[in-house]
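Number of protein chains: 2
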Amino acid sequence: MFASEVYQERRSRLKKSMSNGLVLFFGNQESPMSYPDTVYPFVQDANFLYFWGLDSPGFAALIDLDSGAETIFGKNPTVEQILWGGPQPDLADAQAVCGAEKALDRDKLDGLVKQAMDQGRKVHFLPQYRGENRIWLQELTGISPGQSGQKASTELIRAIVALREIKTADEVAELEKAVDLTAQMVFQTMRDIKPGYTEKEAAARAVCTAQLESGTSFPIILTTQGYYMHIRGHENVMRAGDVVIQDCGAESQLHYAGDITRTLPVSGRFSEAQKALYNIVLKAQLAAIEAMAPGVEFRKVHKLAALVTVKGLQELGIMHGDAEEAVALGAHALFWPAGLGHMIGLGVHDMEELGEDYVGYTGTIKRSIQFGTDRLRMAKPLKSGMVMTVEPGLYFVPGLIKLWSGERRLSQFINYDMVDKYKDLAGYRIEDDVLVTDTGYRVLGKPIPKTAAQVEELCHES
Amino acid sequence: MFASEVYQERRSRLKKSMSNGLVLFFGNQESPMSYPDTVYPFVQDANFLYFWGLDSPGFAALIDLDSGAETIFGKNPTVEQILWGGPQPDLADAQAVCGAEKALDRDKLDGLVKQAMDQGRKVHFLPQYRGENRIWLQELTGISPGQSGQKASTELIRAIVALREIKTADEVAELEKAVDLTAQMVFQTMRDIKPGYTEKEAAARAVCTAQLESGTSFPIILTTQGYYMHIRGHENVMRAGDVVIQDCGAESQLHYAGDITRTLPVSGRFSEAQKALYNIVLKAQLAAIEAMAPGVEFRKVHKLAALVTVKGLQELGIMHGDAEEAVALGAHALFWPAGLGHMIGLGVHDMEELGEDYVGYTGTIKRSIQFGTDRLRMAKPLKSGMVMTVEPGLYFVPGLIKLWSGERRLSQFINYDMVDKYKDLAGYRIEDDVLVTDTGYRVLGKPIPKTAAQVEELCHES
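So the protein sequences, as listed, match chains A and B. Just so we're aligned: the first sequence equals residues 1227 to 1688 in our numbering. Just so we're aligned: the second sequence equals residues 1227 to 1688 in our numbering.
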């Protein structure tokens, strides 16, 4: 963890930015896999980690915005737990980590919350995404699990987003460690893949590379069916001529997340058509990164990437017509029905547990309803200290092509005969993690090869 | 999965063994890791898997004990889900897997359960260990999350234990696959370990070995501090002279669990004292396995292992006095404060999500309150078709030795001066998975070396 002063400072800034009442934080509890004693690897709530630094289950915390008091709630280990589990941190240790002025047994939390509610004080809390904590909230406040989202404090959410969206130098250093380890996951796959290799084995070995250090930040996507953007399985055997999308992240010891995508040729060489598509994505990504600077709206960066993509597809004869108009009407979304990127930090979709629109949109910058652009997770102006993924792509989604081509939708921009020629060429995505600096941008981590030639050189030729 | 007839047959037997009302089954839902869209790898509830065979999230099922009707509830994939996730099984596919006569949209479940309750019919359900399903139960029945355990149907629990505790030949075949893959995890570590190697790396590589095939059945224990039986971290660096306890399990494609423990010398050779302790555990394990047969109470097998252990410790001068009396009074529990084993099947602690005592005890065979033996998870008579872990051990638990030696507890059996000499020699456990046959027992899987000489031969000498 960071020094306790870091967490004190974060809480101090939170207090200054909020009005009054109590702020109630839930740390995550253990998450049972198949019965109460067999649990998933523990993952702490990112907000709890950010403000309190405690990385073990079963904590809660209160900030009294009126008195300024900060209290951490937990349990001292029992004699039995120490006998069987070895020396374990107690409440005093937890207090030392977070620097709260008070540490109390968790059983005391209930009375304090109920007392505040009886006094008519506002109790701020965040949306709860885990069943266990929705139940805990219900026990403390009477708010039913189904209502925990809508009764969450928007004041608290907005205050947290304003803090967490700007990364300090220490946080950026953690993110770079995560990116560098993520690169190792990519290099592992580059070395391993060849025709006949299974997605399952490739995924297991890439994940193992991260586990040897500190772990992964999200379940790896590794697929020859990259046109299915939400595909989670690893059921295919790689064939000569396939391209593989690997979208993966390692995390740092402090749980900052990496998120990198590379598109790799199974045989070690892209075909000419694959390379042409690949180079469009690369060009779009480089142009987008180049455009990033404080004050620039990310939705404009997204549009720029779309424009570069359309122009590239026009060169291949897949699209035609006025490129700007094509983007304005969303014609690119047949091939890229996704957003350019999202914030990254303690979460891989940083802060989206608070609600996606609170993170990426503002009172004046509203989410588009246009197909494709409606999936843009972040649209608002960039600020120095934000870290974004930049991940344009090209996807030949079978169901989508069938739907649009059946309607000849936007055929003033799309050459459906050419789409037919390319439609078996799967999916392409290139993603890096980019810090917005005072003057522009910096791609985090040691450079991970991304030109087609570099990628081919690192992939096993077979 | 098995053929749908297997699941039909299981449900048919369940129906025959129960009285009346509805039986409500919840499949597991996705388990959010850090926000709703980033989820842990899906693990299905074992009872749902056993009776319905469906291995994806969000299903439920009803059996009407009076009419015999069986209905599966789920959701057809949306157009959007198919576009982004690729072809996905729908309700008709789910119905084909489980062989239920009806498949309905999940939204219909609520009305049917409420109707039955309004009619005063009994609704049987199981204890719920996941927050999401406790909330689901509350929404359907009004039963609060805190009460879901005590309001669960003991009739249903007992009926399920009676079925699941006897493994069919097909289930045994799955368990053997799991054991054989678990052996690969052990062999991996045997090849890898040496002084200076980290527990973390060893654990990651052993787990990767299982992930390459089908996955693990529980989080691996791999530690040089084997005297802490509940230790979960992998924070130590292995030193020359250390022994490592590796307690791990792979699972088969159908999620049957392996659970194997070996104790390995980091330098490739046990010291004489380590070997003496190791051989006591081995002798206890072999004697226990040899004693297994239908009709034999497992608590008696446990006692036999304790007796062999005491006699071995007497030979080393660590214990003295009458061995049978020492076991009767629980003196062995200073060195082995645990039970001999547990059932294994679709769960690694098979069926313990239903309540440990329902699995291992009966109306007449009650749990002991004696320290050590109170942790025996299974005591009742063995039956042909049961599969048990057999895992005696020797542990020098620092806090426990301090406690007992301070009181000179049971010093008529324990030579505390000799305990002092051995107390830094960590922990030893040897575990195999054993099927009870009509005539005796069969250790599952290809033999995994376990004599000290065999283990030394396979471990890297350094």
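We treat Cβ as the ideally placed atom computed from N, Cα and C, and that holds for glycine.
Taking a cut of 8 Å between CB atoms, which residues from the stretch 1333-1366 of chain A lie near chain B? Listed by position along the chain: Tyr1355, Arg1356, Gly1357, Glu1358, Asn1359, Arg1360, Ile1361, Gln1364 and Glu1365.
Cβ closer than 8 Å: which chain B residues qualify as neighbours of A:His1575? On the first sequence, residue 1575 of chain A is found 349 positions in, with the first residue counted as 1. The contacting residues are Tyr1261, Asp1263 and Thr1264.
Tell me the rounded alpha-carbon separation between A:Phe1597 and A:Lys1529. For the purposes of this step, residue 1597 of chain A is taken as the residue at position 371 of the first sequence. For the purposes of this step, residue 1529 of chain A is taken as the residue at position 303 of the first sequence. Taking the straight line joining both Cα atoms gives about 13 Å.
Mind checking B:Arg1525: buried by the 16 CB within 10 Å criterion, or exposed? In the second sequence, counting from the first residue as 1, residue 1525 of chain B sits at position 299. So B:Arg1525 ends up on the buried side.
Segments assigned alpha helix (DSSP H), at least 4 residues, entirely inside the stretch 1242-1295 of chain B: Listed in chain order, the complete alpha helix (DSSP H) runs (minimum 4 residues) inside the stretch 1242-1295 of chain B are 1272-1278.
Cutting at 6 Å between CB atoms, please list the residues of its own chain near B:Asn1359, excluding the five before and the five after it. Translated into the one-based positions of the second sequence, residue 1359 of chain B becomes position 133. Exclusion of the five residues before and after B:Asn1359 leaves Phe1252 as the residues of its chain whose Cβ lies within less than 6 Å of its Cβ.
Along chain A, which residues have their Cβ under 7 Å away from the Cβ of B:Phe1444? For the purposes of this step, residue 1444 of chain B is taken as the residue at position 218 of the second sequence. Going along chain A in sequence order, the residues near B:Phe1444 (Cβ under 7 Å) are Thr1264.
Burial state of B:Arg1465 (16 or more Cβ within 10 Å): Taking the first residue of the second sequence as position 1, residue 1465 of chain B is located at position 239. With fewer than 16 Cβ atoms within 10 Å of its Cβ, B:Arg1465 is classed as exposed.
Comparing C-alpha positions only, which one of B:Ala1502, B:Gln1410 and B:Ile1383 sits nearest to B:Pro1353? Against the second sequence, residue 1353 of chain B aligns to sequence position 127. Checking every option, the nearest Cα to that of B:Pro1353 belongs to B:Ile1383.
Are the C-beta of A:His1456 and some C-beta of chain B separated by less than 8 Å? As a position in the first sequence, residue 1456 of chain A is number 230, starting the count at 1. For A:His1456, the answer is yes, since a Cβ of chain B falls inside 8 Å of its Cβ.
Grab me the residues of A:Ser1348's own chain with a C-beta within less than 6 Å of its C-beta, minus the 5 sequence neighbours each way, in chain order. For the purposes of this step, residue 1348 of chain A is taken as residue 122 along the first sequence, with counting starting at 1. Reading the sequence as shown, one finds Lys at residue 1348 of chain A and not Ser. Cβ-Cβ distances below 6 Å link A:Lys1348 to Gly1247 in the same chain, with the five nearest sequence neighbours on each side left out; the list follows chain order.
Output needed in chain order: residues of the stretch 1609-1626 of chain A with a Cβ under 9 Å from some Cβ in chain B. Within the stretch 1609-1626 of chain A, the residues whose Cβ lies closer than 9 Å to some Cβ of chain B are Val1623, Pro1624, Gly1625 and Leu1626, listed in chain order.
Can you list, in chain order, the stretches of the alpha helix (DSSP H) that have 4 or more residues and sit fully within the stretch 1294-1336 of chain A? For the alpha helix (DSSP H) assignment, the uninterrupted runs of no fewer than 4 residues enclosed by the stretch 1294-1336 of chain A are, from N- to C-terminal side, 1305-1311 and 1317-1324.
Please list, in chain order, all residues of the same chain as A:Ala1549 whose beta carbon is under 8 Å from its beta carbon, the five residues on each side excluded. Taking the first sequence and counting its residues from 1, one reaches residue 1549 of chain A at position 323. Excluding residues within five positions, the ones whose Cβ falls inside 8 Å are Leu1533, Val1536, Lys1537 and Gln1540.
Just checking: is the beta-carbon of B:Trp1310 within a distance shorter than 8 Å of some beta-carbon in chain A? As a working mapping, residue 1310 of chain B is identified with position 84 in the second sequence. B:Trp1310 belongs to the set of residues whose beta carbon lies under 8 Å from a beta carbon in chain A.
Give a yes or no on whether the C-beta atoms belonging to B:Asp1316 and B:Asn1302 are separated by under 8 Å. The sequence position of residue 1316 of chain B within the second sequence is 90, counting from 1. The sequence position of residue 1302 of chain B within the second sequence is 76, counting from 1. Taking 8 Å as the Cβ cut-off, B:Asp1316 and B:Asn1302 qualify as a contacting pair.
B:Val1660, DSSP secondary structure in three states: The count along the second sequence starts at 1 and reaches residue 1660 of chain B at position 434. Secondary structure of B:Val1660 (DSSP, three-state): strand.
Chain-ordered neighbours of A:Ser1257 on chain B, where CB pairs are closer than 7 Å: Looking up residue 1257 of chain A in the first sequence gives position 31. Ordered by position in chain B, the residues that pass the 7 Å Cβ test against A:Ser1257 are Ser1257 and Tyr1266.
What residue does the beta strand (DSSP E) around B:Ile1419 start on, and which one ends it? Position 193 of the second sequence, counting from 1, holds the residue named residue 1419 of chain B. Here B:Ile1419 belongs to no beta strand (DSSP E), and DSSP marks it neither H nor E.
Considering only residues of the same chain and omitting the five flanking positions on each side of A:Lys1740, which have a CB-CB separation below 7 Å? Any answer about residue 1740 of chain A is impossible in this case: the structure gives chain A only from 1227 up to 1688.
Buried or exposed: which applies to B:Val1305, given that a residue is buried once 16 or more other Cβ atoms fall within 10 Å of its Cβ? For this step, residue 1305 of chain B is matched to residue 79 along the second sequence. It is exposed - the Cβ of B:Val1305 has fewer than 16 other Cβ atoms within 10 Å.
Residues sharing a beta bridge with B:Cys1474, DSSP: Indexing the second sequence from 1 puts residue 1474 of chain B at position 248. B:Ile1486.
Confirm, please, whether the CB-CB distance from A:Glu1617 to A:Thr1487 is below 8 Å. As a first step, residue 1487 of chain A must be located in the first sequence, where it is residue number 261. As a first step, residue 1617 of chain A must be located in the first sequence, where it is residue number 391. Going by C-beta atoms, A:Thr1487 is nearer than 8 Å to A:Glu1617.
Tell me the residue span of the alpha helix (DSSP H) that contains A:Met1644. Taking the first sequence and counting its residues from 1, one reaches residue 1644 of chain A at position 418. Run containing A:Met1644: Tyr1642 to Tyr1648, per the alpha helix (DSSP H) assignment.
Using the Cβ count rule (16 or more neighbours within 10 Å means buried), how would you classify A:Arg1655? Translated into positions along the first sequence, residue 1655 of chain A becomes position 429. When all chains shown are included, A:Arg1655 counts as buried.
Near-chain B residues of the stretch 1642-1672 of chain A (beta-carbon distance less than 7 Å), N- to C-terminal order: Residues of the stretch 1642-1672 of chain A with a C-beta atom less than 7 Å from some C-beta of chain B do not occur.
Looking at the structure shown, is A:Ile1383 part of a helix, part of a strand, or coil, going by DSSP? Here residue 1383 of chain A refers to the residue found at position 157 when the first sequence is read from its first residue. DSSP places A:Ile1383 in helix when its eight states are reduced to three.
Any C-beta of chain B under 8 Å from that of A:Ala1287: Within the first sequence, residue 1287 of chain A is the residue found at index 61, counting from 1. No, no contact with chain B.
Of all the CB atoms in chain A, is at least one closer than 8 Å to the CB of B:Leu1438? On the second sequence, residue 1438 of chain B is found 212 positions in, with the first residue counted as 1. Taking 8 Å as the threshold, the shortest C-beta distance from B:Leu1438 to chain A falls below it.
Report the three-state DSSP secondary structure of A:Met1411 (helix, strand or coil). Here residue 1411 of chain A corresponds to residue number 185 of the first sequence, with the count starting at 1. In the structure shown, A:Met1411 adopts helical secondary structure according to DSSP, grouped into three states.
Ranges of the beta strand (DSSP E) found wholly within the stretch 1580-1658 of chain A, counting only runs of at least 3: Counting only runs of at least 3 residues, the stretch 1580-1658 of chain A fully encloses the following beta strand (DSSP E) elements, listed from N- to C-terminal order: 1613-1616, 1619-1621 and 1653-1655.
What three-state label does DSSP hand B:Thr1424 in the structure shown? The residue labelled residue 1424 of chain B in the question sits at position 198 within the second sequence. Residue state, collapsed to three classes: strand.
Answer yes or no: do A:Met1569 and A:Met1604 have a C-beta to C-beta separation smaller than 8 Å? Numbered from 1 along the first sequence, position 343 holds the residue referred to as residue 1569 of chain A. Numbered from 1 along the first sequence, position 378 holds the residue referred to as residue 1604 of chain A. Taking 8 Å as the cut-off, the beta carbon of A:Met1569 is found closer than this to the beta carbon of A:Met1604.
Anyone know if the C-beta pair for A:Leu1684 and A:Met1411 falls short of 8 Å? Locating residue 1684 of chain A in the first sequence gives position 458, where the first residue counts as 1. Locating residue 1411 of chain A in the first sequence gives position 185, where the first residue counts as 1. Against a cut-off of 8 Å, the Cβ pair of A:Met1411 and A:Leu1684 comes out as no contact.
What residues from the stretch 1460-1478 of chain A come within 9 Å of chain B, judged by C-beta to C-beta, listed N to C? Within the stretch 1460-1478 of chain A, no residue qualifies.
Amino acids of chain A, ordered along the chain, whose beta-carbon sits closer than 9 Å to that of B:Ala1557: What you label residue 1557 of chain B is simply residue 331 of the second sequence in a count that begins at 1. Chain-order list of chain A residues neighbouring B:Ala1557: empty, with the shortest C-beta distance near 17 Å, by a criterion of under 9 Å.
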